[in-house]
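Residues 1 to 244 in the UniProt record's numbering are what the sequence shown spells out, letter by letter.
Where is the CB? At the ideal position from N, CA and C, for every residue including glycine.
Accompanying notes for the structure given below.
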Amino acid sequence: MELSDSIVRNSYIYRFVNLNCCVNLNKFASVQLSGSSCAAGSLTRSKRRNRRRELPPSMETPPDGYRRNVGICLVNPSKKIFTASRINIPYTWQMPQGGAGEGEDLRNAAMRELREETGVTSAEFVAEAPYWLTYDFPSQARERINRRWGTNYKGQAQKWFLFKFTGKEEEINLLGDGSETPEFKDWAWLLPERVLELAVGSKKPVYEQVMKVFGSYLQADADEGNCAGQNETKARVHVESAPV
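Right under this line is the structure:
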C-alpha cells in the first residue's frame with residue numbers, strides 16, 4: 001500500500017456524473033486471461049511468442065530492480081471500474097494497487113490490498129493477467145520514493161487481477177480496514193476510457209494494457225446500461241473533510 005501523510009474522516013454524498021457518449025470497447029482488444037471463463041481455451045506456443053513480441057512492456061516474471069506489486073481492476077455489475085483519487089497527489093486518479101511480499105500469494109495480496117485501501121471484502125475473482133507489466137517511477141519522484149522505502153527501485157512490476165464487486169456500496173470505506181494510512185479521498189465507478197483519461201502519465205501505458213487484457217469481460221454486455229441512451233449515472237463519492 002502506498003503511504004500518505006493525511007488521515008481523513010468518512011463523509012459521503014451522491015453526485016451526478018455526466019456521460020456524454022458511449023464507451024467504445026472495441027478499441028481494447030483482449031488477450032488470453034488466466035483463470036477466466038470469458039477467455040476460454042489456450043494459446044499455442046507460437047501465439048504466446050507473438051503476444052510477447054507485440055507487448056514489449058510485459059513479461060512472465062518480474063524483472064530485477066522493480067518492486068513486486070499487484071493491481072486491482074474492480075468492476076460493478078454495470079462493468080464500470082472502481083477508481084479513486086489520491087490524497088497526497090492532487091487530481092490523480094487510479095485503480096487500487098500495492099506491494100506484494102516476497103513469497104506472498106499474488107491473488108491473496110490483491111485481496112489484501114483491496115481491503116486495506118477500500119474496505120471491500122465482497123469481491124469475486126474473475127481473472128488474472130497472464131504476464132507482468134512494469135512502469136518506471138517519474139525521475140523527479142524516484143529518489144523521494146526510494147528514500148521513503150529505503151530501497152533503490154526503478155519502478156514497479158505489477159500483476160493485475162480482475163474482481164467483480166458483489167457487495168453494497170456502503171461497504172466501500174476509504175479509511176480501509178484500519179491497518180494502513182488512507183491513500184484516497186474520492187471514488188467513483190468510471191467507464192474504461194474515462195479511467196485512461198484520468199490516469200497519471202507514468203501509469204497510462206500499463207492501464208492501456210490492463211484494458212486490453214480484461215477487454216473481453218469489460219466488453220461483455222456493454223450495451224446494457226452503458227449505451228442504453230442514458231446520459232447520466234449516479235456515482236457515490238467519498239469527500240475529504242478536515243484532516244485529523
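In angstroms with no decimal places, state the Cα-to-Cα distance between residue i and residue j.
i      : j      : result
VAL120 : ASN69  : 19 Å
GLU128 : PRO90  : 30 Å
LEU196 : PHE165 : 20 Å
ASN152 : ASN173 : 32 Å
ARG67  : LEU218 : 28 Å
LYS168 : ASN76  : 10 Å
GLN156 : SER139 : 13 Å
TYR207 : LYS154 : 18 Å
TRP189 : CYS73  : 11 Å
TRP93  : ARG147 : 24 Å
ILE87  : SER122 : 24 Å
MET211 : PRO192 : 7 Å
PRO130 : GLU104 : 17 Å
LYS79  : MET59  : 27 Å
VAL213 : ALA84  : 21 Å
GLU124 : ALA110 : 12 Å
GLY65  : ILE81  : 30 Å
LEU162 : ASN108 : 13 Å
GLY150 : LEU106 : 23 Å
GLU170 : SER202 : 32 Å
GLU102 : ARG194 : 34 Å
TRP204 : LEU198 : The displayed chain sequence assigns Lys, not Trp, to residue 204. Going from the Cα of LYS204 to the Cα of LEU198 covers about 9 Å.
VAL200 : VAL126 : 26 Å
PRO63  : THR181 : 28 Å
Can you tell me whether residue i is buried or exposed? The criterion is at least 16 other CB atoms within 10 Å of its CB, across all chains shown.
i      : result
GLN158 : buried
LYS47  : Model confidence at LYS47 stands at a pLDDT of 42, short of 50, so the residue's coordinates are unreliable and nothing is read from them.
GLY215 : buried
GLY71  : buried
THR61  : exposed
TRP160 : buried
Can you tell me which residues form a DSSP beta bridge with residue i?
i      : result
LYS159 : VAL70
ILE145 : Paired residues: none, contrary to the question.
GLN219 : In DSSP, GLN219 forms no bridge with anything.
ASP105 : Beta-bridge pairing links ASP105 to no other residue.
ILE81  : VAL75 and LEU190
ARG86  : PHE184
ASP64  : DSSP, once it has assigned bridges, lists no residue as partnering ASP64.
THR134 : ALA157
GLY123 : Looking at the sequence itself, residue 123 is Ala, so the reference to Gly does not match. Paired residues: PHE165.
GLY150 : None, per the DSSP bridge assignment.
GLN94  : ALA84
Measuring only from the beta carbon, is residue i closer than 7 Å to any heavy atom that is part of the ligand ATP?
i      : result
GLY119 : The model depicted lacks the ligand ATP and carries no ligand whatsoever.
Checklist entry - Between the stretch 106 to 122 and the stretch 173 to 186, do at least 3 Cβ pairs fall closer than 8 Å? => result yes
Next on the checklist: Across the stretch 140 to 153 and the stretch 182 to 195, are there enough close Cβ pairs to call them in contact, namely three or more that are closer than 8 Å?
Outcome noted: no
Checklist entry - Below 8 Å, can you find three or more Cβ-Cβ pairs linking the stretch 91 to 98 to the stretch 124 to 139? => result Judged by Cβ distances under 8 Å, the stretch 91 to 98 makes no contact with the stretch 124 to 139, as fewer than three pairs qualify.
Next on the checklist: Please give the ranges of any beta strand (DSSP E) in the stretch 161 to 213, keeping only runs that are unbroken, at least 3 residues long and fully inside the region.
Outcome noted: 184 to 190
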